[in-house]
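Report on the structure given below.
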Amino acid sequence: MSGTRSGGLKAAQKNLASNPNFYAEIGRKGGSATFASHRSCKGFAQDIECDCDLIDGPHFVKKCAGKKGGRISKRK
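Quick note, my numbering runs 15 ahead of the 1-based positions in the sequence shown.
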(Lines of atoms letter the chains of each structure in order from A; the text may use other names.)
(Lines give C-alpha, C1' and ligand atoms only; values in the text may rest on other atoms or scores of the structure.)
Protein backbone atom coordinates (compact mmCIF):
# COMPACT_ATOMS: atom_id res chain seq x y z
CA MET A 16 0.00 0.00 0.00
CA SER A 17 2.91 2.35 -0.45
CA GLY A 18 2.06 5.69 -1.96
CA THR A 19 -1.54 5.70 -0.77
CA ARG A 20 -3.26 7.55 2.03
CA SER A 21 -3.97 4.34 3.94
CA GLY A 22 -0.32 3.29 3.62
CA GLY A 23 0.78 6.65 4.96
CA LEU A 24 -1.55 6.35 7.93
CA LYS A 25 -0.20 2.88 8.71
CA ALA A 26 3.37 4.19 8.53
CA ALA A 27 2.49 7.08 10.84
CA GLN A 28 0.92 4.69 13.35
CA LYS A 29 3.99 2.46 13.25
CA ASN A 30 6.31 5.44 13.75
CA LEU A 31 4.29 6.66 16.72
CA ALA A 32 4.07 3.16 18.21
CA SER A 33 7.85 2.76 18.20
CA ASN A 34 8.55 6.34 19.32
CA PRO A 35 5.74 8.61 20.60
CA ASN A 36 7.93 11.69 20.02
CA PHE A 37 8.95 10.70 16.47
CA TYR A 38 7.51 13.70 14.63
CA ALA A 39 8.58 16.16 17.33
CA GLU A 40 12.16 14.89 17.09
CA ILE A 41 12.44 15.05 13.31
CA GLY A 42 10.87 18.51 13.36
CA ARG A 43 13.38 19.64 15.96
CA LYS A 44 16.30 18.25 13.94
CA GLY A 45 15.12 19.93 10.76
CA GLY A 46 14.41 23.23 12.45
CA SER A 47 17.75 23.32 14.24
CA ALA A 48 19.84 22.70 11.11
CA THR A 49 20.54 26.36 10.44
CA PHE A 50 23.54 28.41 9.48
CA ALA A 51 24.13 29.29 13.14
CA SER A 52 24.33 25.67 14.29
CA HIS A 53 26.53 24.33 11.48
CA ARG A 54 28.53 27.47 10.59
CA SER A 55 27.85 26.86 6.91
CA CYS A 56 24.96 26.80 4.51
CA LYS A 57 23.77 23.46 3.20
CA GLY A 58 22.65 22.33 -0.26
CA PHE A 59 22.00 24.95 -2.91
CA ALA A 60 22.25 27.74 -0.32
CA GLN A 61 26.02 27.36 -0.57
CA ASP A 62 27.83 29.87 -2.72
CA ILE A 63 29.87 27.40 -4.78
CA GLU A 64 31.21 28.82 -8.02
CA CYS A 65 30.31 26.92 -11.17
CA ASP A 66 32.09 26.96 -14.52
CA CYS A 67 29.57 25.07 -16.64
CA ASP A 68 28.76 25.97 -20.24
CA LEU A 69 25.07 26.62 -19.60
CA ILE A 70 25.47 30.20 -18.39
CA ASP A 71 28.18 32.56 -19.59
CA GLY A 72 30.55 34.07 -17.08
CA PRO A 73 31.15 33.27 -13.43
CA HIS A 74 28.08 32.18 -11.49
CA PHE A 75 27.04 29.98 -8.58
CA VAL A 76 25.80 26.38 -8.73
CA LYS A 77 22.35 27.35 -7.46
CA LYS A 78 21.79 29.52 -10.53
CA CYS A 79 22.39 26.78 -13.09
CA ALA A 80 20.96 23.79 -11.18
CA GLY A 81 17.43 24.22 -12.50
CA LYS A 82 18.68 24.87 -15.98
CA LYS A 83 20.64 21.60 -15.91
CA GLY A 84 17.64 19.66 -14.66
CA GLY A 85 15.40 21.04 -17.37
CA ARG A 86 17.94 20.34 -20.08
CA ILE A 87 18.50 16.68 -19.15
CA SER A 88 14.88 15.88 -18.36
CA LYS A 89 13.80 12.45 -19.61
CA ARG A 90 10.16 13.50 -19.93
CA LYS A 91 9.11 13.89 -23.55
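Note that CB positions come from ideal geometry on N, CA and C, so glycine has one too. If you're wondering where the values come from, they're calculated on a predicted model, not measured in any experiment.
Taking only the alpha-carbon atoms, compute the straight-line gap between residue i and residue j and give it to the nearest angstrom.
| i | j | result |
| --- | --- | --- |
| asparagine 30 | leucine 24 | 10 Å |
| glycine 72 | asparagine 34 | 51 Å |
| lysine 82 | aspartate 62 | 17 Å |
| histidine 74 | lysine 89 | 26 Å |
| valine 76 | aspartate 68 | 12 Å |
| glycine 22 | lysine 44 | 25 Å |
| alanine 80 | glycine 18 | 28 Å |
Taking residue i and residue j to be in contact with their CB atoms under 8 Å, please state how far apart those CB atoms are, rounded to whole angstroms.
| i | j | result |
| --- | --- | --- |
| isoleucine 87 | lysine 78 | With a Cβ gap of about 16 Å, isoleucine 87 and lysine 78 do not count as contacting. |
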